[in-house]
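Structure first, commentary second.
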Amino acid sequence: MTPPPPPPRRLVCVTGAGGFIGSWLVKLLLSRGYAVHATVRDPHDPKNAFLKQLENAPENLRLFKADVLDGGSLTAAFAGCEGVFHPATPKEMLDPAVKGTRNVLEACSAAGVQKLVVVSSIGAVCFNPSLPRDRIIDETCWSDKKSCKENETVLLSTSSKVLLYVMKGGPDAIGNTFFPIVDVRDVADALLLVYNKAGPSERYICSQEQMDTKDILDLMKSMYPNYSYTFKVVDVDTRVGLTSEKLKKLGWKPRKLEETLVDSVESHEKAGLVDDEPCRLPYLYRVPDAQE
1 MTPPPPPPRR
11 LVCVTGAGGF
21 IGSWLVKLLL
31 SRGYAVHATV
41 RDPHDPKNAF
51 LKQLENAPEN
61 LRLFKADVLD
71 GGSLTAAFAG
81 CEGVFHPATP
91 KEMLDPAVKG
101 TRNVLEACSA
111 AGVQKLVVVS
121 SIGAVCFNPS
131 LPRDRIIDET
141 CWSDKKSCKE
151 NETVLLSTSS
161 KVLLYVMKGG
171 PDAIGNTFFP
181 IVDVRDVADA
191 LLLVYNKAGP
201 SERYICSQEQ
211 MDTKDILDLM
221 KSMYPNYSYT
231 FKVVDVDTRV
241 GLTSEKLKKL
251 GWKPRKLEET
261 LVDSVESHEK
271 AGLVDDEPCR
281 LPYLYRVPDA
291 QE
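Here it is in structure tokens:
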């Protein structure tokens with residue numbers, strides 16, 4: 001008896017596949033048997049070569065030259081896809097990011113895409129002066145546009161810089177506030193989980209642990225006692241946290257913070273970032289009045 005043919009591969013697209021979140025998501029999708037269309041600014045750029053070396057990439061991955069600010073460039077990448085993941089972000093924030101997302105939505109509609117998962121910054125919920133200080137931030141919260149514009153220049157690439165500052169030390173004081181951390185591998189897991197299980201128009205916060213700065217610092221000191229940790233931690237009024245209970249109820253199970261810290265520290269060391277060069281804390285996390 002002739003065995004039945006294998007089911008067709010599920011084809012999805014990932015925008016910004018050369019980025020931090022995008023590349024880990026592509027890796028996960030390929031490992032789960034998906035066929036992936038991946039958009040990058042330049043498929044021939046050597047920095048994107050690692051995507052072609054991922055497991056299952058030769059038969060299941062195609063790179064497409066596209067820019068979310070050019071809606072027409074997305075047409076070929078989205079063709080035939082049942083779903084699209086959109087972690088790509090323009091170099092400029094806010095208005096260009098809105099335009100890019102609108103272009104993705106229009107291209108999805110034109111291509112008959114069934115499901116779109118959009119990735120946003122935690123800044124989408126955190127910057128709202130009208131929220132009570134003791135309010136636990138959940139999926140019903142939205143940032144104030146004016147506050148986002150005021151913080152526009154400090155929203156990019158802050159998390160890895162904070163860890164590097166903790167490892168190297170410096171002149172800036174950091175507030176003892178809730179510090180949202182999530183492992184990029186857990187973000188990829190969450191995106192695929194949401195894609196397969198969430199209903200339409202749902203919103204999920206993806207944050208790993210509820211820990212204050214001092215708690216994280218104590219954990220780092222216990223794991224890596226040889227770093228200097230030469231900076232101040234200052235108590236501040238606002239210590240509001242985030243909740244990811246909605247995502248956990250969907251089945252999300254993030255890894256332990258210790259694993260994330262170990263892998264992150266080793267990655268920084270391997271990249272040669274833990275050197276003697278002066279280091280500053282990202283502006284968003286500084287406590288200006290506490291400087292010496």
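So for the sequence shown, full-length UniProt numbering puts the first residue at 1; every next one is plus one.
All C-beta atoms, glycine included, are put in the ideal place defined by N, C-alpha and C.
All values derive from a computational prediction rather than experimental measurement.
Per-residue burial, residue i [other beta carbons within 10 Å of its own, 16 or more giving buried]
| i | result |
| --- | --- |
| residue 366 | Outside the displayed range of the chain (1 to 292) lies residue 366, so it cannot be described from this structure. |
| Q208 | buried |
| P46 | exposed |
| N196 | exposed |
| V98 | exposed |
| T230 | exposed |
| G22 | buried |
| D70 | exposed |
| D172 | buried |
| L155 | Any reading at L155 must be qualified, since the residue scores a pLDDT of 49, below 50, and its modelled position is unreliable; no value is offered. |
| D42 | exposed |
| G100 | buried |
| T153 | Here the model assigns T153 a pLDDT of 45, short of 50, so the residue's position is not dependable, and the following value carries that caveat. Result: exposed. |
| V12 | buried |
| R280 | exposed |
Integer Cβ distance of residue i from residue j, believed to fall under 8 Å
| i | j | result |
| --- | --- | --- |
| L51 | V68 | Actually they are not in contact, since the Cβ atoms of L51 and V68 sit about 18 Å apart, beyond 8 Å. |
| P254 | D212 | So it is not a contact: roughly 18 Å between Cβ atoms. |
| G170 | P278 | 7 Å |
| E258 | M223 | 7 Å |
| V117 | L74 | Not quite, the Cβ-Cβ distance comes to about 15 Å (not below 8 Å), so this is no contact. |
| H86 | V119 | 6 Å |
| L217 | V233 | 6 Å |
| R10 | E82 | 6 Å |
| residue 361 | L63 | The structure shown does not extend to residue 361, since the chain spans only 1 to 292, so no value can be given for it. |
For residue i, the residue or residues it bridges with in DSSP
| i | result |
| --- | --- |
| D212 | F178 |
| H37 | C13 and R62 |
| F231 | In the DSSP output, where bridge partners are listed per residue, F231 has none listed. |
| K115 | G83 |
| R286 | I174 |
Residue of the options minimising C-alpha distance to residue i
| i | options | result |
| --- | --- | --- |
| L261 | L281, L164 and E59 | L164 |
| D275 | A38, S109, M167 and K232 | M167 |
| H44 | Y204, G170, N60 and G18 | G18 |
| I205 | K214, V182, S23 and D215 | V182 |
| I122 | E59, G80, L116 and R203 | R203 |
| R32 | R41, T39, P282 and L54 | L54 |
| V84 | A49, A35 and P58 | A35 |
| T89 | K161, A107 and G16 | G16 |
| L29 | L247, V14, H86 and L219 | V14 |
| A76 | N56, R9 and H37 | H37 |
| G80 | A66, N56, E59 and A110 | A110 |
| G72 | C108, E59, N56 and N60 | C108 |
| D235 | K256, V287 and K248 | V287 |
| residue 296 | N60, W24, A190 and L217 | Outside the displayed range of the chain (1 to 292) lies residue 296, so it cannot be described from this structure. |
| L219 | K256, V194, L192 and P282 | K256 |
| A271 | S160, R62 and P58 | S160 |
| K115 | E59, L192 and K65 | L192 |
| Y283 | V162, F20, L63 and F78 | V162 |
Residue-level contact to chain D via CB, residue i, 9 Å cutoff
| i | result |
| --- | --- |
| T213 | Note that chain D does not occur in the displayed structure, where there is just one protein chain. |
Checklist entry - Between the segment 173-181 and the segment 235-250, do three or more beta carbon pairs fall short of 8 Å? => result These segments touch.
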